[in-house]
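S.K.: In the numbering used here, the protein residues as written are 4 to 131. Using N, Cα and C, we set each Cβ at its ideal position, and we do this for glycine too.
(1) In terms of residues, what are the limits of the alpha helix (DSSP H) holding residue 55?
(2) Starting from residue 88, trace the alpha helix (DSSP H) in both directions and tell me its first and last residue.
(3) Please return the same chain residues whose Cβ sits closer than 6 Å to the Cβ of residue 101, not counting the five positions on each side in sequence.
(4) Compute the distance between the beta-carbons of residue 84 and residue 27, then report whether it is under 8 Å.
(5) Pop quiz: residue 20 and residue 70 are said to be a contact at Cβ under 8 Å. What is the actual Cβ separation, rounded to whole angstroms?
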């Protein structure tokens, strides 16, 4: 029963879920690129200043550092992406349960942002 209700909640708000999924995918990609670039850049300066005489080339170590940073940042950003999806689903459930009343648990800034950037979901049946 819970899975059916969650499925119906997502289907009633499919446009919002799809839009946030695409936006969060872009944010995750940019975050991974930023973290990888920053980590590799910092590693370059450390390798160049501290190990200049001991290394023939910085390319090999920097490649492995960048690869490790990419995968580790992917794990971190995956948790961030899951948080975005969870907050959206909780907001949509809160909105359906309490409507636009003052008893919603969502903060005013979140309600205002969603109202400015997305349509409110229509109440429709799902697999009745």
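M.R.: Inspection of the coordinates gives the following:
(1) First-last for residue 55: undefined, no H or E at that position.
(2) Where residue 88 is concerned, the enclosing alpha helix (DSSP H) starts and stops at 62-101.
(3) So the qualifying residues of the chain are 107.
(4) A contact, by the Cβ cut-off of 8 Å.
(5) About 32 Å separates the beta carbon of residue 20 from that of residue 70, a gap too long to meet the 8 Å contact definition.
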